[in-house]
Amino acid sequence: MADDAGVAGGPGGPGGPGLGGRSGFRTGLGSGLRGRGRGRGRGRGRGRGCGARGGKAEDKEWIPVTKLGRLVKDMKIKSLEEIYLFSLPIKESEIIDFFLGASLKDEILKIMPVQKQTRAGQRTRFKAFVAIGDYNGHVGLGVKCSKEVATAIRGVIILAKLSIVPVRRGYWGNKIGKPHTVPCKVTASSCLWRVDLPWSLLPAFIFFDMGPVL
């Protein structure tokens, strides 16, 4: 009877509460479940983490959200001039990338900190100015303010693309060759500054005048 009790799970048997029972049954089952659980958790966690951090982010396919964007993607509109001809507003920067993506060049003109006084103190943000164009009659200017410089630059590039306009070009003197300058003298003023852009055979020079502007 004692032998049967020990075999069946008595105090001295493998399944009993003795030393043999704990080491033979409970510890073995517990370690097996824990090992399997930890293996799953570590494998999933490490796999997802490496996938998110490693490698270069893939370019997402452009899914237009406006009617103009759908027409552009379906090749119903052939060039930007067709959009400017009917004064259609461009709400997606991907439209500009679709037509001028390879030839666009952007330049950061200035990044300056700006401050605003609030009840909690001064709040500092960064304002970025970017000019963008394709050196072929299209130019745009963007201004963006954000808490971080990188965020401001990313946003201002998008705004500069949305503000791209065609530039009228003309001739100086005889109409020989391709248009090489502005069609007429251009003057712009702001506060005490005045900018004159004359037309000429050579690359145009910009003149600044600090005199009073009427």
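Numbered per the UniProt record's numbering, the sequence shown spans residues 1 to 214.
Quick reminder that beta carbons are idealized off the backbone N, C-alpha and C, glycines included.
Every value quoted in this text rests on a predicted model; they were computed, and no experiment measured them.
key: Contained alpha helix (DSSP H) runs [length at least 4] in the UniProt domain "S5 DRBM" (104-167), N- to C-terminal order   = Runs found: 149-162.
query = If you drop the 5 nearest sequence neighbours on each side, which residues of the same chain put their C-beta closer than 6 Å to that of residue 112?
reply = As a working note, residue 112 is residue 112 in the sequence shown. Same-chain partners within the cutoff: 127.
ask   = Count the other CB atoms within 10 Å of the CB of residue 92; is the residue buried (16 or more) or exposed (fewer)?
value = Mapped onto the sequence shown, residue 92 falls at position 92. Burial call: buried.
message = Using a 10 Å radius around the Cβ and a threshold of 16 neighbouring Cβ atoms, would you call residue 85 buried or exposed?
response = The sequence position of residue 85 within the sequence shown is 85, counting from 1. By the 10 Å Cβ count, residue 85 comes out exposed.
ask   = Should residue 144 go down as buried or exposed, given a rule of 16 or more other Cβ atoms within 10 Å for buried?
value = On the sequence shown, residue 144 is found 144 positions in, with the first residue counted as 1. Buried is the call here.
query = So what does residue 170 bridge to, in DSSP terms?
reply = For the purposes of this step, residue 170 is identified with residue 170 of the sequence shown, where counting begins at 1. Residue 170 is bridged by DSSP to 181.
ask   = Where do the ends of the alpha helix (DSSP H) carrying residue 93 lie?
value = The count along the sequence shown starts at 1 and reaches residue 93 at position 93. First-last of the alpha helix (DSSP H) with residue 93: 93-100.
query = Are residue 130 and residue 106 close, meaning C-beta to C-beta below 8 Å?
reply = Taking the sequence shown and counting its residues from 1, one reaches residue 130 at position 130. Taking the sequence shown and counting its residues from 1, one reaches residue 106 at position 106. Against a cut-off of 8 Å, the Cβ pair of residue 106 and residue 130 comes out as a contact.
task = Name the residue from 198, 155, 80 whose alpha carbon lies nearest to the alpha carbon of residue 98.
result = Here residue 98 corresponds to residue number 98 of the sequence shown, with the count starting at 1. Just measuring C-alpha positions, the residue of 198, 155, 80 sitting nearest residue 98 is 80.
key: Proximity below 8 Å, CB of residue 170 to CB of residue 186   = Numbered from its first residue, the sequence shown carries residue 170 at position 170. Numbered from its first residue, the sequence shown carries residue 186 at position 186. It is not a contact, given that the beta carbons lie outside the stated cut-off.
key: Beta-carbon spacing of residue 172, residue 199 below 8 Å   = For the purposes of this step, residue 172 is identified with residue 172 of the sequence shown, where counting begins at 1. For the purposes of this step, residue 199 is identified with residue 199 of the sequence shown, where counting begins at 1. If you check the CB distance, residue 172 and residue 199 come in under 8 Å.
inquiry  = Please report the distance separating the alpha-carbon of residue 94 from that of residue 78.
reply    = Counting from one through the sequence shown, the residue named residue 94 turns up at place 94. Counting from one through the sequence shown, the residue named residue 78 turns up at place 78. Residue 94 and residue 78: Cα-Cα distance of roughly 15 Å.
query = residue 164: which of 146, 66, 87 sits nearest, CA to CA?
reply = Here residue 164 corresponds to residue number 164 of the sequence shown, with the count starting at 1. Closest in alpha carbon position to residue 164, among 146, 66, 87, is 87.
ask   = Exposed or buried, residue 90, counting other C-beta atoms within 10 Å across all chains shown (16 or more means buried)?
value = One-based indexing of the sequence shown puts residue 90 at position 90. Burial call: buried.
Pairwise C-alpha distance: residue 162 and residue 66 = By one-based count along the sequence shown, residue 66 stands at place 66. By one-based count along the sequence shown, residue 162 stands at place 162. Cα-Cα distance, rounded: 14 Å.
request  = Flag this pair as yes or no: are the beta carbons of residue 142 and residue 166 separated by less than 8 Å?
outcome  = To locate residue 142, count along the sequence shown from 1; it is residue 142. To locate residue 166, count along the sequence shown from 1; it is residue 166. No, Cβ-Cβ distance for residue 142 and residue 166 is not below 8 Å.
task = Assign residue 88 to one of three DSSP states: helix, strand, or coil.
result = As a working note, residue 88 is residue 88 in the sequence shown. Here DSSP, grouped into helix, strand and coil, assigns residue 88 to coil.
request  = Compute the beta-carbon to beta-carbon distance between residue 125 and residue 147, rounded to the nearest angstrom, for a pair I have assumed lies under 8 Å.
outcome  = Mapped onto the sequence shown, residue 125 falls at position 125. Mapped onto the sequence shown, residue 147 falls at position 147. Right, the Cβ-Cβ distance comes to about 6 Å (below 8 Å), so this counts as a contact.
key: Residue range of the unbroken alpha helix (DSSP H) whose run includes residue 72   = Numbered from 1 along the sequence shown, position 72 holds the residue referred to as residue 72. Where residue 72 is concerned, the enclosing alpha helix (DSSP H) stretches over 67-73.
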